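Just so we're aligned, residue 1 is where the sequence shown starts under UniProt numbering, counting upward by one. A virtual CB, placed ideally from N, CA and C, is assigned to each residue, including glycine. Please read all numbers here as calculations on a predicted model, not as lab measurements. Input: a single structure, listed below in structure tokens.
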Amino acid sequence: MPAPRIPPIQCLLTFEALARLRSVTQAADELCVTPSAVSHRIRQLEEQLGVKLFGRADFSLTTEGSEYLAQVREALAALQRFPSRHAAPGRRKLRLAVTPTFARSILMPRLHQFAEAYPEIDLTLQVSIPLLDVVAEDADLTIRFGTGRYQDVEFICILKDVVTPVASPAFVRQHGPFETPQDLQGVPLLRSPLEPWRTWFAAHHLDWPEPTDGSQFNDIGLMCDGAAAGMGVALVRLKLGAPWLNHGTLVRLYPHNVPSPHAHYLCWRAGAMERWECATFAAWLRQALA
């Protein structure tokens, strides 16, 4: 007679989190998975056990669920005690693909904190620009900038931002003042497929077409450098443009913020979050950007 099959560890972790939090969304956030993945894992666990673990929509436990939860927590606690904290940890490898300006403006200033907290993880950074089909295929985790409608991976939103026109102080003195949105008419506008101007135009009720003339950049950091050099006005995400704004090489033209239609997402292939180093980095990144 074959031995009973042990449920997958991710199902047990999901069951414990859902029983404790009583919210699919909160459990998904804690585990760095999608809500649908939480539901799938619970169904998988119930089918394997042959019992219902949750009785109602408020995620109250059945009698069998309460009994099983006690066993699961005891088993998880035992696993957490070993190996001993005095044992020498092995090196872990984590490959991260990240968009260039996010790496420069957001990630790199914080990455020393991760290295200090988790010295056993060797992190390899690779450049990725998925909107332009520049993708690191072998990455364990990928930071994408886009709409969040990804069918090929699991993902969580890690950073939203607003857009605002910026230029160098010398450019503002030469071409300003910029008091109304209409003052941008006839001014050189720097362009990027990563941040189209139509978002800002529409928010200010300007029936202007997307610019087709002027310098174009496929990297927001390069566009910021171009604007700082006096090449024109750039539409930049405020958090990504912070290094240039903080150093005074760029200044905002208007005080009003316009939400970007895009955001940054941490993405991974199915099963990646079962690796300790992937789940650890995901949890750290969300906390660092909170």
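Inset, instruction - Could you tell me whether the stretch 175-191 touches the stretch 262-273, using the rule of 3 or more Cβ pairs below 8 angstroms? - result: Fewer than three beta-carbon pairs drawn from the stretch 175-191 and the stretch 262-273 are found closer than 8 angstroms, and the two stretches are therefore not classed as touching.
Inset, instruction - Can you tell me which of the three DSSP states residue 291 falls into? - result: Because the chain here runs from 1 to 290, residue 291 falls outside it and cannot be looked at.
Legend entry - Buried versus exposed call for Leu157 [16 or more other C-beta atoms within 10 Å across all chains shown]: Inspection of the sequence shows that residue 157 is occupied by Cys rather than by Leu. Per the 10 Å Cβ criterion, exposed.
Inset, instruction - Answer yes if the stretch 99-112 comes into contact with the stretch 57-70, meaning at least three C-beta pairs across the two stretches below 8 angstroms, and no otherwise. - result: In the pairwise beta carbon analysis, the stretch 57-70 is classified as not touching the stretch 99-112: fewer than three pairs are separated by under 8 angstroms.
Inset, instruction - Give me the Cα-Cα distance between Pro109 and Ala115, rounded to the nearest whole angstrom. - result: Going from the Cα of Pro109 to the Cα of Ala115 covers about 12 angstroms.
Inset, instruction - Out of Gly186, Lys160, Glu64, Ala37, point me to the one whose CA is closest to Gly148's CA. - result: Ranking Gly186, Lys160, Glu64, Ala37 by Cα distance to Gly148 puts Lys160 first.
Legend entry - When Ala97, Leu21, Arg41, Arg92 are compared against Leu61, the one with the closest alpha-carbon: Closest option to Leu61, Cα to Cα, is Leu21.
Inset, instruction - State the Cα-Cα distance for the pair Cys206 and Ala229, rounded to the nearest angstrom. - result: With the sequence shown as reference, residue 206 is identified as Leu, and Cys is not the correct amino acid for it. Rounded to the nearest angstrom, the two C-alpha atoms are 27 angstroms apart.
Legend entry - Minimum C-alpha distance to Arg91 - residue among Ala234, Ser192, Leu123: When each option's Cα is compared against that of Arg91, the closest is Leu123.
Inset, instruction - Alpha carbon to alpha carbon, how far is Ile121 from Gln26? Give it in angstroms, no decimals. - result: Distance from the CA atom of Gln26 to the CA atom of Ile121, rounded to whole angstroms, is 27 angstroms.
Inset, instruction - For Glu274, I'd like the list of residues in its chain whose CB is within less than 6 angstroms of its CB, leaving aside the five on either flank, ordered along the chain. - result: Counting only residues of its own chain and dropping the five nearest sequence neighbours on each side, Glu274 has a CB closer than 6 angstroms to the CB of Gln10.
Inset, instruction - Assign Phe145 to one of three DSSP states: helix, strand, or coil. - result: When DSSP states are grouped into helix, strand and coil, Phe145 belongs to the strand group.
Legend entry - Three-state class that DSSP yields for Phe217 in the structure shown: Note: Phe217 maps to coil in three-state DSSP.
Inset, instruction - Indicate whether Leu96 and Val166 have their beta-carbon atoms separated by less than 7 angstroms. - result: It is not a contact, given that the beta carbons lie outside the stated cut-off.
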